[in-house]
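So the structure is just underneath, and the comments pick up after that.
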Amino acid sequence: MDISREEAEQSLQTIREVRSQIRTSIATGSAPLHMILWGAIWFVGYLCNNFLDVETAGRIWTLLAAGGTVASGIMGYRLGSRFRLPGSERIWQIWIFFFIYVFLCIWVAWPLNTMQISMLIALYAMFAYVLLGLWLERIITWVGLAVSALGLIGYFLFPDIYYLWMAFLGGGTLFGSGIYILKTWK
Amino acid sequence: MSMLNEIIHQPVRMRIMAALMALDKSGQLEFTHLRDVLSLTDGNLGAHLRKLEEAGYVSLEKTFVARKPRTFIAMTEKGRQAFEDHVNALEQILSGAEIEEEGNT
Chain A
193 MDISREEAEQ SLQTIREVRS QIRTSIATGS APLHMILWGA IWFVGYLCNN
243 FLDVETAGRI WTLLAAGGTV ASGIMGYRLG SRFRLPGSER IWQIWIFFFI
293 YVFLCIWVAW PLNTMQISML IALYAMFAYV LLGLWLERII TWVGLAVSAL
343 GLIGYFLFPD IYYLWMAFLG GGTLFGSGIY ILKTWK
Chain B
3 MSMLNEIIHQ PVRMRIMAAL MALDKSGQLE FTHLRDVLSL TDGNLGAHLR
53 KLEEAGYVSL EKTFVARKPR TFIAMTEKGR QAFEDHVNAL EQILSGAEIE
103 EEGNT
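Residue numbers (the working numbering), protein chains in the order written: chain A, 193 to 378; chain B, 3 to 107.
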């Protein structure tokens, strides 16, 4: 079997491209869909915080969070069936422990006002994005850092419009990043 | 010195092997996902997988996920070694080394 130097170079390039394609599809998996889903949930939830009374907004947030968790689980299960990777079942365990620890931290810090709870949950969620991004794909880390920074700016500098700020900039950044990843990484 | 492998060097099979090589050892790719990533038809992918399976380079596992039949494909240790040798041979061509010809073994 005899091939030219150019053909060898082309073959190696093809191998690199295919490997990169597969690794990207593993790394991103359902991440952009989760971002779109939770971006939309944040948008609706924070708008409710801004325009409705605390009790009604709280009930809507509970429904949105429960629905979002179920939808995330279904998406993760369906898209995860593309691969079988050793140790991938641990991602579920990590999320379960993460939620338990978030609950415990808020419980210890109680009493908190609505704005503090919302900022804490947003920070914890974005901390998970930052860690997952370091493990999977760096853009997820950057999204986590950007939304955290925007949230803190809104919390400390613009408390009067904090919920609107989080709806448009927090939810919007998550939603927009999800769309961007879906469009550019396919 | 590494040698080119005729079975792997066929363009579609080389892309299949590259895709499987991107996984860790014991990782598996689902048939339809591999088909979509490589832009192949079911028949084309199936035919090349059979060839690679006959050579002992890949293993196929048919199973059910949510009551739907699914086929998961993994690279065998023999396939991993053969692919690494093939890539080494390609790199040696680039670096100007002489490559011995390998028959379809």
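Glycine included, every Cβ here is placed at the ideal spot set by N, Cα and C.
Thinking just about the alpha-carbon of each residue, which of the options is nearest to the one in residue i?
{"i": "Ala76 (chain B)", "options": "B:Ile18, B:Gly98, B:Leu6, B:Gln12", "result": "B:Ile18"}
{"i": "Thr261 (chain A)", "options": "A:Phe291, A:Phe275, A:Phe235", "result": "A:Phe291"}
{"i": "Leu51 (chain B)", "options": "B:Leu96, B:Gln83, B:Gln12, B:Asp87", "result": "B:Gln12"}
{"i": "Arg208 (chain A)", "options": "B:Val89, B:Lys27, B:Ser97", "result": "B:Val89"}
{"i": "Lys375 (chain A)", "options": "A:Ala223, A:Arg197, A:Ile195, A:Gln205", "result": "A:Ala223"}
{"i": "Lys27 (chain B)", "options": "B:Gln83, B:Arg72, B:Asp87, B:Asp38", "result": "B:Gln83"}
{"i": "Phe33 (chain B)", "options": "B:Gly58, B:Ser41, B:Thr73", "result": "B:Thr73"}
{"i": "Leu54 (chain B)", "options": "B:Leu92, B:Ala91, B:Lys80", "result": "B:Lys80"}
{"i": "Gln308 (chain A)", "options": "A:Phe289, A:Arg274, A:Phe348, A:Ile288", "result": "A:Phe348"}
{"i": "Cys297 (chain A)", "options": "A:Ile288, A:Glu201, A:Leu312", "result": "A:Leu312"}
{"i": "Asn305 (chain A)", "options": "A:Leu342, A:Pro351, A:Ala341", "result": "A:Pro351"}
{"i": "Leu62 (chain B)", "options": "B:Leu36, B:Thr43, B:Ser41", "result": "B:Leu36"}
{"i": "Ile95 (chain B)", "options": "A:Ile373, A:Tyr372, A:Glu199", "result": "A:Glu199"}
Hey, how far is the Cα of residue i from the Cα of residue j?
{"i": "Leu225 (chain A)", "j": "Gly363 (chain A)", "result": "13 Å"}
{"i": "Ile286 (chain A)", "j": "Ala232 (chain A)", "result": "24 Å"}
{"i": "Leu326 (chain A)", "j": "Met193 (chain A)", "result": "43 Å"}
{"i": "Arg276 (chain A)", "j": "Leu31 (chain B)", "result": "7 Å"}
{"i": "Thr365 (chain A)", "j": "Trp253 (chain A)", "result": "19 Å"}
{"i": "Tyr293 (chain A)", "j": "Ala314 (chain A)", "result": "14 Å"}
{"i": "Ser217 (chain A)", "j": "Pro303 (chain A)", "result": "43 Å"}
{"i": "Val210 (chain A)", "j": "Tyr269 (chain A)", "result": "24 Å"}
{"i": "Lys64 (chain B)", "j": "Arg274 (chain A)", "result": "13 Å"}
{"i": "Ile10 (chain B)", "j": "Leu47 (chain B)", "result": "14 Å"}
{"i": "Ile345 (chain A)", "j": "Glu247 (chain A)", "result": "26 Å"}
{"i": "Ala320 (chain A)", "j": "Glu201 (chain A)", "result": "40 Å"}
{"i": "Thr206 (chain A)", "j": "Ile288 (chain A)", "result": "39 Å"}
{"i": "Ala49 (chain B)", "j": "Ser203 (chain A)", "result": "21 Å"}
{"i": "Arg215 (chain A)", "j": "Ser310 (chain A)", "result": "35 Å"}
{"i": "Gly259 (chain A)", "j": "Ser340 (chain A)", "result": "23 Å"}
{"i": "Glu93 (chain B)", "j": "Leu42 (chain B)", "result": "27 Å"}
{"i": "Pro71 (chain B)", "j": "Trp284 (chain A)", "result": "24 Å"}
{"i": "Ile353 (chain A)", "j": "Ala257 (chain A)", "result": "22 Å"}
{"i": "Met318 (chain A)", "j": "Leu361 (chain A)", "result": "14 Å"}
Short of 6 Å in beta carbon distance, which residues of its chain neighbour residue i, apart from the five on each side in sequence? Order them along the chain.
{"i": "Ile228 (chain A)", "result": "Phe367, Gly370"}
{"i": "Ala359 (chain A)", "result": "Phe235, Tyr238, Leu239"}
{"i": "Asn241 (chain A)", "result": "Ala249, Tyr355"}
{"i": "Met267 (chain A)", "result": "Ser222, Leu225"}
{"i": "Asp44 (chain B)", "result": "none"}
Apart from the five residues just before and just after residue i, which ones in its own chain have a Cβ nearer than 7 Å to its Cβ?
{"i": "Val322 (chain A)", "result": "Thr333, Gly336, Leu337"}
{"i": "Asp87 (chain B)", "result": "Ser4, Met5, Asn7"}
{"i": "Arg330 (chain A)", "result": "none"}
{"i": "Ser264 (chain A)", "result": "His226, Leu229"}
{"i": "Tyr316 (chain A)", "result": "Val294"}
{"i": "Leu324 (chain A)", "result": "Ile332"}
{"i": "Ala91 (chain B)", "result": "Ser4, Met5, Leu6, Ile101"}
Report buried or exposed for residue i, applying the criterion of at least 16 other Cβ atoms within 10 angstroms of its Cβ.
{"i": "Ala21 (chain B)", "result": "buried"}
{"i": "Ser69 (chain B)", "result": "Looking at the sequence shown, residue 69 (chain B) is not Ser but Arg. Exposed."}
{"i": "Ile255 (chain A)", "result": "Before going further, note that residue 255 (chain A) is Leu rather than Ile in the sequence given. So Leu255 (chain A) ends up on the exposed side."}
{"i": "Phe109 (chain B)", "result": "The structure shown does not extend to residue 109 (chain B), since chain B is modelled only from 3 through 107, so no value can be given for it."}
{"i": "Ser97 (chain B)", "result": "exposed"}
{"i": "Val39 (chain B)", "result": "buried"}
{"i": "Arg15 (chain B)", "result": "buried"}
{"i": "Trp357 (chain A)", "result": "buried"}
{"i": "Val60 (chain B)", "result": "buried"}
{"i": "Val300 (chain A)", "result": "exposed"}
{"i": "Gly29 (chain B)", "result": "buried"}
{"i": "Gly343 (chain A)", "result": "buried"}
{"i": "Ala24 (chain B)", "result": "buried"}
{"i": "Ser212 (chain A)", "result": "exposed"}
{"i": "Ser159 (chain A)", "result": "Residue 159 (chain A) is absent from the structure shown; chain A starts at 193 and stops at 378."}
{"i": "Ile373 (chain A)", "result": "buried"}
Could you tell me if the beta carbon of residue i falls within a distance shorter than 8 Å of some heavy atom in the ligand SAM?
{"i": "Leu296 (chain A)", "result": "Here there are no bound small molecules, and the ligand SAM is not part of this structure."}
Between residue i and the rest of its own chain, which residues show a CB-CB distance below 8 Å, the 5 nearest in sequence each way excluded?
{"i": "Leu244 (chain A)", "result": "Ile252"}
{"i": "Gly123 (chain B)", "result": "With chain B covering 3 to 107 only, the question about residue 123 (chain B) has no answer from this structure."}
{"i": "Phe66 (chain B)", "result": "Arg72"}
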